[in-house]
Each structure stands twice: as C-alpha cells, then as structure tokens.
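A.B. asks: Quick one: the structure is below, questions incoming.
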Amino acid sequence: MSRATFEINLKDAGIRLLPKLNEFIQSRKTTESFLVTIEQIARWAGLTRRNGRIDDNQAYHMMQLAQCPVSKTRKYGMRCWDAREAMQALARWTGSWAWVMD
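This note's numbering applies: residue 334 is where the sequence shown begins, and numbers increase by one.
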C-alpha cells in the first residue's frame, strides 16, 4: 500500500472516530475524566489487523498526523488523549468542519 493510500485510510478511520468521540464527550459528567486510551481510539476507528486484533500503531500514527498532543498521564499503562482535544484535531485534519467546536 502506498503512503498516500495509507493516509487516506487513516483519514477515513478518523472520520469514523468522530461520532464515537462526540458520544463519549456527551456522556461524561464534568467531574469525570475525558481521557481515552489508544485501545479505545483504535477500536472506535475500526483499525484492526488481519487477525482481528486492534492496531494501536496505526491509531498512534493517525493521532500524530492529526497533530493531537498525547496526555501526560497514562491509563492502564496505555497512552491517552483528551477526547475534546482529539476531536478538534481530528476534525481539522479530516476537514470535517461541522465537528469543530470553538
């Protein structure tokens, strides 16, 4: 697979991820954590390997392309992102401007 095709596939995954992130944010109370793990991101975006296991490498690469900063804290030993920041970065990166909130 060429690099351009790979990045297009990651953008498609980012677009699939946006509604799930929005649902996650809406379900949180203000006192609850907005951190999402790399496993949650990969699962919600549909990034899986041929054997059916989630592909966290692709998820991490997608978040890097979207220029979303990784959270300083880890959850269950996994990298995490703030769902609100992730949603904004992914919306800008994919060009899904309807999801961008100011």
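Even for Gly, the Cβ is constructed at its ideal location relative to N, Cα and C.
(1) Would you list the residues sitting across from Met411 in a DSSP beta bridge?
(2) Would the region 397-417 count as touching the region 352-362 if we require 3 or more Cβ pairs under 8 Å?
(3) Looking at the secondary structure, which residues open and close the alpha helix (DSSP H) in which Thr427 lies?
(4) Specify the secondary structure class of Leu368 as computed by DSSP and reduced to three states.
(5) Closer than 6 Å by C-beta to Trp430: which residues in its own chain qualify, once you throw out the five before and the five after it? Chain order, please.
C.D. replies: The relevant details are as follows:
(1) BP columns for Met411 point to Lys408.
(2) Cβ pair count under 8 Å is three or more, so yes.
(3) DSSP places Thr427 inside the alpha helix (DSSP H), whose first and last residues are Ala416 to Thr427.
(4) Annotated three-state conformation of Leu368 is strand, per DSSP.
(5) The beta carbon of Trp430 is closer than 6 Å to none in its chain, skipping five residues each way along the sequence.
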